[in-house]
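Inspection log for the structure reproduced underneath, given as structure tokens.
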Amino acid sequence: AKSEGRGTYHFFEAGMDATLQRRRMLETGLHDALANEGLSVLFQPIVSLETDTIVAAEALMRWEHPVLGPISPVEFIPIAEETGIIHAIGGWILDAAAKAAAQWPQHVRVAVNLSPIQFKRPDLIATIRSALETAKLDASRLELEITESLLLEDSQSNLDLLLAVRGLGARVAMDDFGTGYSSLSYLRAFPFDKIKIDRSFMADVATKADSRAILGAMISLGQNLGMTTVAEGVETAEQLAVVRAEGCTQVQGYFFSPPVDGAAMVAMLDAEKSS
Ligand code: C2E
Ligand code: CA
Ligand code: CA
Ligand code: CA
Numbered sequence: 426a427k428s429e430g431r432g433t434y435h436f437f438e439a440g441m442d443a444t445l446q447r448r449r450m451l452e453t454g455l456h457d458a459l460a461n462e463g464l465s466v467l468f469q470p471i472v473s474l475e476t477d478t479i480v481a482a483e484a485l486m487r488w489e490h491p492v493l494g495p496i497s498p499v500e501f502i503p504i505a506e507e508t509g510i511i512h513a514i515g516g517w518i519l520d521a522a523a524k525a526a527a528q529w530p531q532h533v534r535v536a537v538n539l540s541p542i543q544f545k546r547p548d549l550i551a552t553i554r555s556a557l558e559t560a561k562l563d564a565s566r567l568e569l570e571i572t573e574s575l576l577l578e579d580s581q582s583n584l585d586l587l588l589a590v591r592g593l594g595a596r597v598a599m600d601d602f603g604t605g606y607s608s609l610s611y612l613r614a615f616p617f618d619k620i621k622i623d624r625s626f627m628a629d630v631a632t633k634a635d636s637r638a639i640l641g642a643m644i645s646l647g648q649n650l651g652m653t654t655v656a657e658g659v660e661t662a663e664q665l666a667v668v669r670a671e672g673c674t675q676v677q678g679y680f681f682s683p684p685v686d687g688a689a690m691v692a693m694l695d696a697e698k699s700s
């Protein structure tokens with residue numbers, strides 16, 4: 426409630442750094458949100474360039490703080506990671522995503538982001554399995570998106586967990602490909618099913634030959650390694666044309682659709698079915 430939220434200001438000392446105050450509010454707020462159904466999930470369609478139909482959707486977490494309003498996951502996920510609540514909210518979105526996808530046509534997969542922190546708990550596999558079982562969703566319909574920061578920490582145990590995820594029958598995608606400094610060596614160390622080319626590479630592909638060459642090289646690399654390639658952040662018809670001409674497999678971005686709620690996602694899939 427709003428009055429409750431206002432009241433919490435009294436706990437802070439006068440002159441306490443505003444950033445720190447906000448941070449404390451977000452920390453407590455996240456616990457409340459988890460306990461009181463304050464989190465929600467949107468889905469952004471991923472479109473095949475072979476069939477021009479939706480083949481998957483990425484689940485993206487949303488949270489509206491009762492006082493501070495909508496908070497970006499870019500702000501709250503790192504806080505969740507530092508406080509450890511990421512394990513609980515990560516489990517929550519796996520459940521929500523699996524439940525939603527169970528209502529979609531069989532050929533449509535759901536992609537869920539995993540934080541590197543979630544890999545610190547071996548029970549991650551049990552969490553994933555339980556989400557699939559509760560929703561009665563086949564593992565082959567789940568994709569897990571992982572940024573390379575995970576693999577930075579080397580380690581054999583991360584690799585084992587990733588292999589266990591694949592062992593369940595789920596797919597694994599490298600997210601934000603190209604943004605880290607060792608994307609290439611990770612491709613060698615781990616057999617990803619898919620690479621998602623970061624949207625920063627889409628910026629001027631339609632106008633700059635160099636940018637287009639880099640995008641094309643990333644797509645070829647993925648192809649040569651037998652991976653599905655996804656271009657993220659496709660916003661314009663011009664970008665789409667370039668991505669298509671370079672042979673990318675799938676696209677995601679505002680050009681097709683922003684993230685939408687579960688009902689709108691179902692409506693989009695229904696509309697495709699009848700067209
Ligand atoms: P991400 O995994 O790279 O997700 C894609 C982000 O790009 C989403 O932002 C999406 O709304 C945005 N996007 C999609 N198409 C376009 C486009 O055409 N143009 C532009 N400018 N942006 C586009 P969002 O939802 O704000 O999420 C930001 C990040 O927060 C995600 O980046 C992901 O790293 C993290 N995140 C979101 N939900 C979760 C979650 O459930 N778990 C974890 N661990 N991280 C999450
Ligand atoms: Ca992602
Ligand atoms: Ca991404
Ligand atoms: Ca990102």
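In terms of full-length UniProt numbering, the sequence shown opens at residue 426 and continues consecutively.
Ideal placement from N, C-alpha and C gives every residue a C-beta, glycine not left out.
At least one heavy atom of ligand 2 is found less than 7 Å from the C-beta of E570. Annotation: R637 is outside any beta strand (DSSP E); the continuous alpha helix (DSSP H) that includes it extends over 634 to 649.
Inter-segment contact for the segment 567 to 575 and the segment 593 to 604 is present: three or more beta-carbon pairs are separated by less than 8 Å. Within the segment 601 to 626, the runs of alpha helix (DSSP H) that reach at least 4 residues and sit entirely inside it are, in chain order, 608 to 614.
Apart from sequence neighbours up to five positions away, the residues of its chain that approach E506 with a beta-carbon distance below 6 Å are S540, I542, ordered along the chain.
Taking I518 as the centre and dropping the five residues before and after it, the same chain places the C-beta of V466, A484, M486, V537 closer than 7 Å to its C-beta, in chain order. Rounded to the nearest whole angstrom, the CA to CA distance from M450 to A526 is 33 Å.
Of the other Cβ atoms in all chains shown, fewer than 16 fall within 10 Å of the Cβ of T508; this residue is therefore exposed. For D695, the shortest C-beta to heavy atom distance toward ligand 3 is 7 Å or greater. For the set L557, S645, S473, D686, the Cα lying nearest the Cα of H532 is the one of S473. Between Q675 and V691, the C-beta gap is not smaller than 8 Å, which leaves the two residues out of contact. Within the same chain, and ignoring the five residues on either side of Y679 in sequence, the residues whose Cβ sits closer than 7 Å to its Cβ are E660.
Looking at the DSSP output, L567 bridges to V535. Rounded to whole angstroms, the Cβ separation of H512 and R546 is 6 Å, and the two are in contact under 8 Å.
At least one heavy atom of ligand 3 sits closer than 7 Å to the Cβ of D623.
For Q664, the enclosing alpha helix (DSSP H) begins and ends at 662 to 670. Following the DSSP letters along the chain, one finds G494 inside the beta strand (DSSP E) bounded by residues 494 to 496. Ligand 2 has a heavy atom closer than 7 Å to the beta-carbon of E483. About 31 Å separates the CB atoms of M627 and G594; that is not less than 8 Å, and the two are not in contact.
Assignment of P470 by DSSP, reduced to helix, strand and coil, places it in the strand class. Across the set S497, F681, A482, the C-alpha of F681 shows the shortest separation from the C-alpha of A662. With a cutoff of 8 Å on beta-carbon distance, D623 and T604 are scored as near each other.
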